[in-house]
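J.: For reference, the structure I am asking about is given below.
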Amino acid sequence: MANRHLSRSIAMQSIFEWDFRGKNPEDLDVITKRNIEEFGPGLEETDFIWRLVNGVKDHLPQIDTIIERAAPEWPIEMIATIDRNLLRLGLYELLFGNREEVPPKVAINEAIELAKSFGSDSSFRFVNGVLGTVYREIGEPGKEHPSRHEKKEAEKQETSDKK
């Protein structure tokens with residue numbers, strides 16, 4: 001499991017640098033390869049890193065929209081670069097990753113642990129708050145309980161049925 005944490009760390013550092021440098025798609029591969037060599041020498045399994053990095057890149061518009069909805073008082077460009085990319089990585093795993101391989105609560109916890117390592121003193125609280133909000137909205141996949149959105153829709157339907 002330590003390799004998974006190291007892989008997330010390398011992915012996060014790569015996404016952070018890519019964002020900091022202007023998000024040129026061609027740069028992400030170069031940055032990631034260099035970070036794997038520098039921070040994970042001898043790391044045999046790098047597929048997970050590449051899935052995370054490319055997943056964030058491929059879903060970036062959707063992920064950023066979700067961040068803006070979950071933290072409306074924080075425009076995406078006003079969020080500290082490290083926090084923004086911790087959220088991107090966590091949301092990618094939470095929403096688009098393989099939930100059997102990485103359960104939602106593990107994705108959230110890993111993002112919080114990375115925030116404690118790389119972010120400011122308050123980063124882990126912010127990351128936890130945003131990811132927790134999204135998690136409560138979507139509910140836990142595979143569980144038989146409605147999400148907050150589904151509950152609101154059901155309440156609206158009940159209200160309109162009574163009229």
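Read in order, the letters of the sequence shown are residues 1 to 163 in the UniProt record's numbering. From the three backbone atoms N, C-alpha and C, an ideal C-beta is built for every residue, glycine too. Model, not experiment: these values are computed from the prediction.
Pick from S9, E137, M12 and G22: whose alpha carbon is nearest that of E77?
T.: Residue numbering aside, residue 77 sits at position 77 when the sequence shown is read from its first letter. Nearest C-alpha to E77: G22.
J.: Does R51 come out as helix, strand or coil in the three-state DSSP assignment?
T.: Taking the first residue of the sequence shown as 1, we reach residue 51 at position 51. If DSSP states are grouped into helix, strand and coil, R51 belongs with the helices.
J.: Let me make sure I understand the geometry here. Which of K57, E100, E110 and V30 has the alpha-carbon closest to that of N3?
T.: Position 3 of the sequence shown, counting from 1, holds the residue named residue 3. Answer by Cα proximity: E110.
J.: Quick one: what's got a C-beta closer than 7 Å to R125's C-beta in the same chain, skipping five residues either side?
T.: The residue labelled residue 125 in the question sits at position 125 within the sequence shown. Nothing meets the Cβ criterion.
J.: What number of angstroms, rounded off, separates the C-alpha of S14 from the C-alpha of G129?
T.: Position 14 of the sequence shown, counted from the first residue, corresponds to residue 14. Position 129 of the sequence shown, counted from the first residue, corresponds to residue 129. Going from the Cα of S14 to the Cα of G129 covers about 24 Å.
J.: Report yes if the CB atom of V134 is closer than 7 Å to the CB atom of A70, and no otherwise.
T.: Walking along the sequence shown from the start, residue 134 turns up at place 134. Walking along the sequence shown from the start, residue 70 turns up at place 70. Contact flag set, yes.
J.: Once the 5 residues before and after S123 are set aside, which same chain residues still bring their CB inside 8 Å of it?
T.: In the sequence shown, counting from the first residue as 1, residue 123 sits at position 123. Only A80, I82, D83, L86, A115 and K116 meet the Cβ criterion.
J.: CA-CA distance, W50 and E73?
T.: Reading the sequence shown from its first residue, position 50 is the one you call residue 50. Reading the sequence shown from its first residue, position 73 is the one you call residue 73. Whole-angstrom Cα-Cα distance: 32 Å.
J.: Taking buried to mean at least 16 other C-beta atoms within 10 Å of its own C-beta, is T32 buried or exposed?
T.: Translated into the one-based positions of the sequence shown, residue 32 becomes position 32. Burial call: buried.
J.: How far does the alpha helix (DSSP H) with A111 in it reach, from first residue to last?
T.: As a position in the sequence shown, residue 111 is number 111, starting the count at 1. Per DSSP, A111 belongs to the alpha helix (DSSP H) from P104 to F118.
J.: Buried or exposed: which applies to F20, given that a residue is buried once 16 or more other Cβ atoms fall within 10 Å of its Cβ?
T.: The count along the sequence shown starts at 1 and reaches residue 20 at position 20. The residue in question, F20, is exposed, as its Cβ has fewer than 16 Cβ neighbours within 10 Å.
J.: For T46, tell me which candidate among H5, G132 and K105 has the shortest Cα-Cα distance.
T.: Counted from its first residue, the sequence shown places residue 46 at position 46. Nearest of H5, G132 and K105 to T46, Cα basis: H5.
J.: Looking at the ligand COA, does it come within less than 6 Å of D47, judged from the CB to the closest heavy atom?
T.: With respect to small molecules bound, the structure shown includes none, and the ligand COA cannot be examined in it.
J.: Using only the alpha-carbon positions, how far apart do R34 and V56 sit?
T.: What you label residue 34 is simply residue 34 of the sequence shown in a count that begins at 1. What you label residue 56 is simply residue 56 of the sequence shown in a count that begins at 1. Taking the straight line from one Cα to the other gives about 18 Å.
J.: Would the beta-carbon of G97 fall within 7 Å of that of L131?
T.: Locating residue 97 in the sequence shown gives position 97, where the first residue counts as 1. Locating residue 131 in the sequence shown gives position 131, where the first residue counts as 1. Result no, Cβ atoms of G97 and L131 do not sit closer than 7 Å.
J.: In this structure, does DSSP put T46 in helix, strand or coil?
T.: Residue 46 sits at position 46 when you count from the first residue of the sequence shown. Three-state DSSP puts T46 in coil, outside helix and strand.
J.: So, using beta-carbon positions, are L94 and P104 closer together than 7 Å?
T.: Taking the first residue of the sequence shown as position 1, residue 94 is located at position 94. Taking the first residue of the sequence shown as position 1, residue 104 is located at position 104. Taking 7 Å as the Cβ cut-off, L94 and P104 qualify as a contacting pair.
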